[in-house]
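Structure first, commentary second.
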Amino acid sequence: MLYRCFLLVALLLAPHLAHAARIVVFGDSLSAAYGLRPEQGWVRLLQQQLGSTHQVVNSSLSGETTAGGLARLPAVLRQQRPDVLILELGGNDGLRGLPLPAMQDNLSAMVRLAQRAGARVLLIGMALPPNYGPDYGAKFRQVYDKVARRHKVPLVPLLVAGFEQDLALFQGDGIHPVAEAQPRMVRNVLPALTPLIARK
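Just so we're aligned: 100 in full-length UniProt numbering is position 100 of the sequence shown, and the numbers increase by one with no gaps anywhere.
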């Protein structure tokens with residue numbers, strides 16, 4: 001009788017366990033809840049949205065560049081062993097005016113590292129403030145498109161899509177979204193993330 005109870009529980013849990021995913025968010029201050037309490041950030045809200053079936057680990061670091069991320073990623077992959085890596089880096093490269101070819105190479109290298117480690121990758125793009133000029137801004141956005149196409153990974157073109165022009169939804173620096181905007185960031189990510197966590 002006891003064996004039958006255990007078998008019944010296992011059968012009921014099997015569909016959920018088969019699709020459980022470990023998701024690592026590897027980003028910069030936009031994902032590290034800069035200026036907010038951790039529970040207000042979009043990464044923590046994503047965990048709440050997904051529920052207990054999936055585990056979301058935030059390995060984001062404020063101020064991180066793609067070069068810094070590339071140096072840090074191997075250790076994160078070894079320690080966390082993600083099924084899905086959400087890669088949200090590049091904003092600090094753009095804000096600092098760093099060479100875009102190097103940014104592209106670094107993002108590509110991180111995608112390759114994650115894929116070799118068995119992780120499915122979701123790339124998240126960003127845009128620069130208009131004072132950086134339309135030419136540099138356009139080329140910056142194109143980096144994400146090129147990396148996504150080259151490695152055939154899904155892309156969320158803009159983490160702050162839908163409110164990027166609304167300064168009321170950004171902190172005083174005009175770069176980091178306020179708490180009220182964080183759920184919208186989750187909604188921007190979920191459509192691209194859902195197919196990745198449905199696969200095992």
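No residue lacks a Cβ here, since even glycine has one placed at the ideal position from N, Cα and C. For clarity, every value in this text was computed on a predicted model and none was experimentally measured.
In three-state terms, what does DSSP make of residue i?
{"i": "Gln79", "result": "helix"}
{"i": "Thr194", "result": "helix"}
{"i": "Leu11", "result": "Only weak support exists for where Leu11 lies, its pLDDT of 37 falling under 50; the value from the coordinates is given anyway. Of the three classes helix, strand and coil, the one that applies to Leu11 here is helix, per DSSP."}
{"i": "Glu164", "result": "coil"}
{"i": "Glu39", "result": "helix"}
{"i": "Ser31", "result": "coil"}
{"i": "Pro129", "result": "coil"}
Where DSSP assigns a beta bridge to residue i, which residues make up the other side?
{"i": "Ile23", "result": "Val56 and Val84"}
{"i": "Pro177", "result": "Phe170"}
{"i": "Val156", "result": "Ile124"}
Is the beta carbon of residue i sitting closer than 9 Å to the one on residue j?
{"i": "Val160", "j": "Ala192", "result": "no"}
{"i": "Leu70", "j": "Met126", "result": "no"}
{"i": "Gly187", "j": "Leu169", "result": "Just to set this straight, residue 187 is Arg in the shown sequence, not Gly. Contact: no."}
{"i": "His176", "j": "Gly35", "result": "yes"}
{"i": "Val76", "j": "Ile23", "result": "no"}
{"i": "Ala114", "j": "Arg81", "result": "no"}
{"i": "Ala21", "j": "Leu196", "result": "yes"}
{"i": "Val153", "j": "Met103", "result": "no"}
Taking the alpha-carbon positions, what's the residue i to residue j distance?
{"i": "Ala148", "j": "Leu123", "result": "7 Å"}
{"i": "Leu8", "j": "Glu164", "result": "Unreliable positioning characterises Leu8 in this predicted model, as indicated by a pLDDT of 38, which lies under 50. The coordinate reading is nonetheless provided below. Distance between the alpha carbons of Leu8 and Glu164 is about 49 Å."}
{"i": "Ile86", "j": "Val25", "result": "5 Å"}
{"i": "Leu50", "j": "Gly41", "result": "15 Å"}
{"i": "Pro74", "j": "Tyr132", "result": "32 Å"}
{"i": "Leu190", "j": "Leu95", "result": "26 Å"}
{"i": "Phe140", "j": "Arg37", "result": "30 Å"}
Does residue i get closer than 9 Å to chain C when you measure Cβ to Cβ?
{"i": "Asp28", "result": "No chain C is present in this structure, which holds just one protein chain."}
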